[in-house]
Amino acid sequence: MPAYDLIYETYGQLNAARSNAVLICHALSGHHHAAGFHSADDRKPGWWDSCIGPGKPIDTDKFFVVSLNNLGGCNGSTGPSSIDPDT
């Protein structure tokens, strides 16, 4: 597979030393929306909203959080239903 899309969301700020990054990977049934509210159309909080954010266990005042959607997990990332542009 020469190219693919991998969807993600970020929370907090990456520091100058780039030493405060935390990668969050969900279970196979999840998606990349881990905290906060996604959009005005989707008012559901993220699946780990109780743990990610200012003053929470994964404190976004300290950490830069990257939450991935698994490759093949749909929800925007390349997966089984993706169209192969070469065919």
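Residue 41 in numbering that gives the first Met the number 0 sits at position 42 of the sequence shown; the count goes up by one each step and never skips.
Ideal Cβ positions, reconstructed from N, Cα and C, are used throughout, including at glycine.
Nearest-angstrom beta carbon gap, residue j and residue i [assumed within contact, 8 Å]
{"i": "Leu5", "j": "Ser76", "result": "5 Å"}
{"i": "Leu67", "j": "Tyr7", "result": "5 Å"}
{"i": "Pro79", "j": "Gly71", "result": "7 Å"}
Nearest neighbour of residue i, chosen from the options [CA to CA]
{"i": "Ala15", "options": "Pro44, Phe63 and Tyr7", "result": "Phe63"}
{"i": "Asp48", "options": "His32, Gln12 and Thr86", "result": "His32"}
{"i": "Phe36", "options": "Tyr3, Leu13, Gly52 and Pro56", "result": "Gly52"}
{"i": "Asp58", "options": "Tyr3, Cys73, Arg17 and Gln12", "result": "Gln12"}
{"i": "Thr56", "options": "Val21, Pro44, His30 and Thr86", "result": "One detail in the question is off: residue 56 reads as Pro in this sequence, not Thr. Per the Cα distances, Val21."}
{"i": "Gly45", "options": "Lys61, Asp60, Gly54 and Ile23", "result": "Ile23"}
{"i": "His30", "options": "Asn69, Gly78 and Ala2", "result": "Asn69"}
{"i": "Asp60", "options": "Gly71, Lys43, Asp41 and Asn19", "result": "Asn19"}
{"i": "Asn74", "options": "Pro1, Ala39 and His25", "result": "His25"}
Beta bridge counterpart(s) of residue i as assigned by DSSP
{"i": "Leu67", "result": "Tyr7 and Cys24"}
Entirely enclosed alpha helix (DSSP H) segments - the segment 27-65, minimum 4 residues:
Runs found: none.
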